[in-house]
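Following full-length UniProt numbering, the numbering of the sequence shown begins with 1 at its first residue and continues without gaps. Ideal Cβ placement from N, Cα and C applies to all residues, glycine included. Source: prediction; values computed, not measured.
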Amino acid sequence: MKKWVITGVAVVALLGGIGFAWSNRPRAAPAATGPQQATTVEVTKTDLMNTAQFQGSLGYGPATTLTGRKPGTVTWLPAAGAVIEPGQPLYKVDDRPVLLFAGETPLFRKLETPGTRGPDAEVVNANLGLNGDEYGSVTAAALKRWQKTNKLPETGHIEPGDVVVLPGKVRVESAKISLGGKAEGELMSLTGADRAVTVDVPADQTDALKQGTEVSVELPDGKQAKGTVTSVGTSASSAEGNKNDKPKVVATVALADAGGLMSGPVKVKVASETKTGVLAVPVGALVALKEGGYALQREEGGFLAVTTGLFSNGMVEVTGDGLTEGMEVVTTS
Numbered sequence: 001m002k003k004w005v006i007t008g009v010a011v012v013a014l015l016g017g018i019g020f021a022w023s024n025r026p027r028a029a030p031a032a033t034g035p036q037q038a039t040t041v042e043v044t045k046t047d048l049m050n051t052a053q054f055q056g057s058l059g060y061g062p063a064t065t066l067t068g069r070k071p072g073t074v075t076w077l078p079a080a081g082a083v084i085e086p087g088q089p090l091y092k093v094d095d096r097p098v099l100l101f102a103g104e105t106p107l108f109r110k111l112e113t114p115g116t117r118g119p120d121a122e123v124v125n126a127n128l129g130l131n132g133d134e135y136g137s138v139t140a141a142a143l144k145r146w147q148k149t150n151k152l153p154e155t156g157h158i159e160p161g162d163v164v165v166l167p168g169k170v171r172v173e174s175a176k177i178s179l180g181g182k183a184e185g186e187l188m189s190l191t192g193a194d195r196a197v198t199v200d201v202p203a204d205q206t207d208a209l210k211q212g213t214e215v216s217v218e219l220p221d222g223k224q225a226k227g228t229v230t231s232v233g234t235s236a237s238s239a240e241g242n243k244n245d246k247p248k249v250v251a252t253v254a255l256a257d258a259g260g261l262m263s264g265p266v267k268v269k270v271a272s273e274t275k276t277g278v279l280a281v282p283v284g285a286l287v288a289l290k291e292g293g294y295a296l297q298r299e300e301g302g303f304l305a306v307t308t309g310l311f312s313n314g315m316v317e318v319t320g321d322g323l324t325e326g327m328e329v330v331t332t333s
């Protein structure tokens, strides 16, 4: 590797576009005021990636409030931190359990008339181990067995308030009522049962974190974990009392493995732009030409005009006539 002294040209010293920098346009640098020691490097073919970075919090995701629909008195509540699986009681009213059913459609009517069809009947059947979206004699018989097992009146029918329908298992964040309170009201805060990351995303940057996007999460202990965006809010809000705060939406990221950590601040990184199989050099190899544009200084002398592309982690994508992989060029970095 040879050493060179560069004089009479402006050597560009730029940082790769990281974080929320979406533009790849390099900033002009002042002319060098004195000789700079330089070496030669090869033009390499590689993959480049820019990342957007967001601040987040490790926990169990955003909490939602469970509101009771069954009249009566609350006689039992699960402890904070408890994980409730479908088929288990979420709370008790008048000493009778209100159980968790898995599904997307909550019960919105009383199911007692044979032949009643709908998504609510389908949810009930699925949780009883049956198929179909019709409430009939088979459903009624299965309900009676279920009611007997859970020490409920064996009526063979079911109505809103008898069960709580949620997508899956949940974790109890905190109680919002004391035992003895009325069961028709706010009962508790629930979260997902698995650890997740909550991210406040500026409303004008939500394109970077769409549902299903794969991300990298830097955990509080410095380790990296893979994650997937599971939800992105649809309403934006600003911090109360801060007029300068940009509106943000809440995104949730599911983690493949958070290790033994339970909570803490994290950094969420997502690819904002990726280029594969491009020619690249260190940013310090770029030479700003007086007439505008950039060039690379060949090892044997002379300059080769190039067009810059993606900047990433101190490297820059370059294209130009006569530029080939393995070519030796001068760099200061």
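- Per DSSP, Gln55 is not a residue of any alpha helix (DSSP H); the beta strand (DSSP E) it occupies stretches across Thr44 to Gly59.
- Boundaries of the alpha helix (DSSP H) around Ser137: Ser137 to Thr149.
- Per the coordinates, the alpha-carbon of Val201 lies some 15 Å from the alpha-carbon of Thr51.
- Contact annotation: Val197 and Gly81 have beta-carbon atoms that are not nearer than 7 Å.
- Spanning the alpha carbons of Asp95 and Pro89 requires a straight line of approximately 11 Å.
- Distance from the Cα of Gly68 is smallest, within the candidate group Ser272, Lys151 and Asp162, for Asp162.
- Contact annotation, Val306 with Ala295: C-beta distance approximately 6 Å; criterion of less than 8 Å satisfied.
- With at least 16 other beta carbons inside 10 angstroms of its own, Lys248 counts as buried.
- If you look at Val329, you'll find it in the beta strand (DSSP E) that goes Glu328 to Thr331.
- Taking Gly320 as the centre and dropping the five residues before and after it, the same chain places the C-beta of Leu304, Ala305, Val306 and Thr307 closer than 7 Å to its C-beta, in chain order.
- Our two residues, Phe108 and Glu159, have alpha carbons roughly 8 Å apart in a direct line.
- Counting C-beta pairs with one atom in each stretch, the segment 126-142 and the segment 109-116 have three or more that are closer than 8 Å, which means they touch.
- Counting only residues of its own chain and dropping the five nearest sequence neighbours on each side, Thr274 has a CB closer than 6 Å to the CB of Met49.
- Closest by C-alpha distance to Glu328, out of Gly233, Thr213 and Gly302, is Gly302.
- The Cβ-Cβ distance between Ala251 and Leu209 falls below 7 Å.
- A direct Cα-to-Cα measurement between Leu66 and Gly87 gives close to 17 Å.
- Rounded to the nearest angstrom, the gap between the Cα atoms of Ala183 and Thr75 is 9 Å.
- In this structure, the CA atom of Thr39 is about 9 Å from the CA atom of Glu299.
- Spanning the alpha carbons of Gln147 and Asn125 requires a straight line of approximately 14 Å.
- As DSSP reads the structure, Val170 sits in a beta bridge with Ile84 and Gly192.
- Its chain contains Pro89 and Asn150 as the residues whose beta carbon lies nearer than 7 Å to that of Pro97, once the 5 sequence neighbours on both sides are disregarded; these appear in chain order.
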